[in-house]
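Below you'll find the structure, written out as structure tokens, and then a few comments.
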């Protein structure tokens, strides 16, 4: 996965210009103990509405990024073309690409209001002080340590899962269902979590997730996993550990 470009873009925006950029999509799934996809050529960053027009220029001014035309990019990248067919909203927002200093990557910048948020700060994980926490094994497998991860802003689970559910319920596209199932299996979500976080605010999404919760074991067998809890969680100890990922609560 393209963590290098994401870390650099996040550092440029936040530390040099005071603009917070939050990762979403596959990188956020990896943070929450779902393996994500390793062959994607584009990633999404969420930025404040007030910065969505300025952020591309700030990144391009470094020479590390340049404007990208998603339609042209997808003409030579069949996987990108297929994903754009299923998520055409991306075409309406600024996109950039790396300029050769790292593996090719397209960054798509989305405003916080696209997620139904007024302030991006309402989306972000707050790192705990004075208490231990857990890091996803899939992040560690990418060679990332705590210092790397703390340089990147991640979304809290509730707004992330609410957005993913909104997208699926709106499109009814099976492709959009997989990230929700991945989060259920990556965190071993149960009906108690759903009741506490989603039942009153979004009953349709709550009902959808409860269906995925009831079929967790079926997916273990479907994917041929040796795990005993979910297809992504080996045992009960790991099931307890993932609850300590910041943003889960």
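Numbering (the UniProt record's numbering), first residue to last: 1 to 249. Yeah, the Cβ is synthetic: ideal placement off N, Cα and C, and Gly gets one too. Everything numeric in this text was worked out from a predicted model, so none of it was measured.
The count of Cβ pairs closer than 8 Å, one atom from the segment 57-73 and one from the segment 163-178, stays below three, leaving the stretches out of contact. Counting every other CB atom within 10 Å of its CB across the protein chains shown gives residue 147 a total below 16, marking it as exposed.
A Cβ-Cβ distance of about 4 Å is found for the pair residue 185 and residue 230, placing them in contact under the 8 Å criterion. At the C-beta level, residue 182 and residue 70 stay beyond 7 Å of one another. In this structure, residue 156 places its C-beta atom within 7 Å of the C-beta atom of residue 247. Going by DSSP, residue 6 is part of the alpha helix (DSSP H) stretching over 3-17. Rounded to the nearest angstrom, the gap between the Cα atoms of residue 57 and residue 46 is 16 Å. The three-state secondary structure of residue 136, taken from DSSP, is coil.
Between the segment 14-30 and the segment 136-147, the count of Cβ pairs shorter than 8 Å is three or higher; the stretches touch.
Residue ranges of uninterrupted alpha helix (DSSP H) with 4 or more members, entirely inside the segment 137-214 and ordered along the chain, are 137-141, 146-150, 157-171, 177-187, 191-197, 203-214. For a cut-off of 8 Å, the C-beta gap from residue 188 to residue 162 is around 19 Å, too long to register as a contact.
Taking 8 Å as the upper bound for CB-CB distance, residue 124 and residue 153 are in contact here, some 5 Å apart. Counted as a single uninterrupted DSSP element, the stretch harbouring residue 97 is not any alpha helix (DSSP H) but the beta strand (DSSP E) occupying residues 95-98. Under the three-state reduction of DSSP, residue 242 is assigned to helix. According to the DSSP assignment, residue 111 belongs to the beta strand (DSSP E) that extends over 106-111. Ranking 214, 26, 136 by CA distance to the CA of residue 243 puts 136 first. Non-local beta-carbon contacts of residue 195 in its own chain, meaning distances under 8 Å to residues more than five positions away in sequence, involve 206 in chain order.
Within the same chain, 127 come within 7 Å of residue 150 by CB-CB distance, once the 5 residues on both sides are set aside. Within its own chain, the residues whose Cβ lies closer than 7 Å to the Cβ of residue 225, once the five positions on either side in sequence are excluded, are 231, listed in chain order. Boundaries cannot be given for residue 249, as no beta strand (DSSP E) includes it and DSSP labels it neither H nor E. DSSP places residue 67 within a strand segment (E or B) once states are collapsed to three.
The Cβ atoms of residue 113 and residue 49 lie closer than 7 Å to each other. CA-CA distance, residue 208 to residue 179, rounds to 13 Å.
Residue state for residue 42 is assigned as strand, using DSSP reduced to three classes. As DSSP reads the structure, residue 23 sits in a beta bridge with 45.
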